[in-house]
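*Asks:*
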Amino acid sequence: MPRRSSVEPLGKISERGDNDDARAYPDPRRETRLIERHVKLGGRDVLEVGCGNGRLTLEYAAHARRVVAIEPNAQMIREARARARSREIKNVRFLTRPAQTGIRGGPFDVVLFSWSLC
Amino acid sequence: MVDALRSAWRVLRRGGYVVDMLPAADYAPRLAVASDRRRTELGEISRTPDEGVVAAHRARRWASDEGNFSHVISTHGTHRARYGGLADLRWVLRQNENWRIDPPLRRRLSAVWARRPEGAQIEIRQAFSLAFLRKRA
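First to last, the sequence lines map onto chains R and A. The first sequence stops at residue 381 when you use the working numbering, and every number in between is there. The second sequence stops at residue 699 when you use the working numbering, and every number in between is there.
In structure tokens, the structure reads:
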């Protein structure tokens, strides 16, 4: 389990949420391209598990039909919602849910486990 | 993860897909000092297996073995993260408790960092794995 740092050498860690350093992941545009080589997300109903602060979600959501994105960390979900609002993306529901109980609803065309070790 | 994949099977349409992006299970992160003009590879960061990652990879195999999903394709790639200095690197190490910079690598890092060109950053290259599973009826 990652620990929270008591110092913030990266500057704005607390604003990104717990251990949510975007640099630890590939560029979300590249991730989306890789995924769409094999599975189209455009026009699809997608459930994303472990969406964090919406880093990847907001990259593909605009052309999906509907996205439900779950994440157990409430702070990250608040951040994801704010980012979606600022980009005027309206087809995403960000929900504070753990994967253990949160994978429900649907039906979906794609379930995307986004760096999730649930 | 196994339970999560079972749940995913229940909410997917017939023929729907699970897309699973994970850190690679057996790739040691690589450390370098890089600037616009120059890149100095320093070596591998020691890493004990991350049990969560290993279990998640095992769950993928289970999903196709059990017959709920067919394995369509797996692929992998690497990505690089750049950090401004040693304090940032220490922070990264605190976030990844199973990583360790052994003394020889630490000495190389100190030496290269001490004579780094202007604008140089510490770079960590990691690998990821991407799998596509298709729901069987």
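All C-beta atoms, glycine included, are put in the ideal place defined by N, C-alpha and C.
At the 8 Å Cβ level, is Gly305 (chain R) part of the contact set with chain A, yes or no?
*Replies:* No, no contact with chain A.
*Asks:* Taking Leu692 (chain A) as the reference, which of A:Ala586, A:Asp664, A:Gly578 has the closest Cα?
*Replies:* Checked all of A:Ala586, A:Asp664, A:Gly578; the closest Cα to Leu692 (chain A) is A:Ala586.
*Asks:* Helix or strand or just coil, what does DSSP make of Glu680 (chain A)?
*Replies:* Glu680 (chain A) falls in the coil class under three-state DSSP.
*Asks:* Within 10 Å of its beta-carbon, does Asp372 (chain R) have 16 or more other beta-carbons around it, so buried, or fewer, so exposed?
*Replies:* Buried.
*Asks:* Quick one: is Ser349 (chain R) buried, meaning 16 or more other Cβ sit within 10 Å of its Cβ, or exposed?
*Replies:* Classification for Ser349 (chain R): exposed.
*Asks:* When the cut-off is 8 Å and only beta carbons count, does Pro335 (chain R) lie next to chain A?
*Replies:* False, the Cβ-Cβ gap to chain A never drops below 8 Å.
*Asks:* Tell me, please, which residues DSSP counts as bridged to Leu692 (chain A).
*Replies:* A:Met583, A:Thr637, per the DSSP bridge assignment.
*Asks:* Should Ile340 (chain R) go down as buried or exposed, given a rule of 16 or more other Cβ atoms within 10 Å for buried?
*Replies:* It counts as buried.
*Asks:* Looking at the C-beta of Val374 (chain R), does it have a partner C-beta in chain A at a distance below 8 Å?
*Replies:* Yes - at least one Cβ of chain A is within 8 Å of the one on Val374 (chain R).
*Asks:* Contact criterion: CB-CB distance below 8 Å. Does Tyr589 (chain A) meet it with respect to chain R?
*Replies:* No, its Cβ sits nowhere closer than 8 Å to a Cβ of chain R.
*Asks:* Distance check for Glu351 (chain R) and Phe690 (chain A), CA to CA, integer angstroms please.
*Replies:* C-alpha separation (whole angstroms): 31 Å.
*Asks:* Going by the CB atoms, is the gap between Arg644 (chain A) and Arg292 (chain R) shorter than 8 Å?
*Replies:* Taking 8 Å as the Cβ cut-off, Arg292 (chain R) and Arg644 (chain A) do not qualify as a contacting pair.
*Asks:* Check each candidate in R:Val355, R:Leu304, R:Ile333, R:Arg344 and name the one with the smallest Cα separation from Gln363 (chain R).
*Replies:* If we check each option's Cα against that of Gln363 (chain R), R:Ile333 comes out closest.
*Asks:* Between which two residues does the beta strand (DSSP E) holding Leu319 (chain R) run?
*Replies:* Where Leu319 (chain R) is concerned, there is no enclosing beta strand (DSSP E), given that its DSSP letter is neither H nor E.
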